[in-house]
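Q:
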Amino acid sequence: LFAICTLLFFYHLVPRFTPTIDAMVAHMLPSHSTSDAAFCTKDVGGAHCCGLYLAAAPCVDQCRKEHVDRVTLSLTQEYDECADVCMAGYEEGCGK
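Taking our numbering, the leading residue of the sequence shown gets 138, the next gets one more, and so forth.
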């Protein structure tokens, strides 16, 4: 009974301390922040274009989820149209 009570105590206690511990560790360790530009190739463009490209990525992923042919597992024409709408800001801002 004591072991069960101890486990329940820690089960409720640990989640409250986890964000605090994470914040303390992040504060103590030197930050090695990577910019968004590190995730883009030269083909995407500079930092501004990279930001636009990465901002459009969730929209393109949603298009991919919604517009895939379930039989052939290929992307449909609707995907192309949806992805074009998502990438419009990138294409206008970067001339791609």
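Note that the Cβ used here is the ideal one computed from N, Cα and C, for glycine as well.
1) Excluding sequence positions up to five away, which residues of its chain have a Cβ less than 6 Å from the Cβ of residue 215?
2) Which of helix, strand or coil does DSSP assign to residue 197?
3) Rounded to whole angstroms, what's the CA-CA distance from residue 170 to residue 177? Just pull it up for me.
4) When the distance is taken between beta carbons, is residue 230 closer than 8 Å to residue 186?
5) Which stretch, first to last residue, makes up the alpha helix (DSSP H) that contains residue 206?
6) Is the CB-CB distance between residue 181 and residue 223 below 8 Å?
7) Counting C-beta neighbours from all protein chains within 10 Å, is the total for residue 142 16 or more, i.e. buried, or is it exposed?
8) If the criterion is Cβ atoms closer than 8 Å, does the pair residue 200 and residue 184 meet it?
9) Output the distance between the C-alpha atoms of residue 208 and residue 139, rounded to the nearest integer angstrom.
10) Measure from the alpha carbon of residue 136 to the alpha carbon of each residue in 146, 190, 145 and 144, then state which is nearest.
A: Considering the structure as presented:
1) 204
2) helix
3) Below a pLDDT of 50, predicted positions are generally treated as unreliable, and residue 170, at 48, falls in that range; the measurement from the model is reported next regardless. For residue 170 and residue 177, the distance between alpha carbons rounds to 15 Å.
4) yes
5) Segment: none, residue 206 is in no alpha helix (DSSP H) and carries neither H nor E.
6) no
7) exposed
8) no
9) 56 Å
10) Since the first and last residues shown for the chain are 138 and 233, residue 136 lies out of range.
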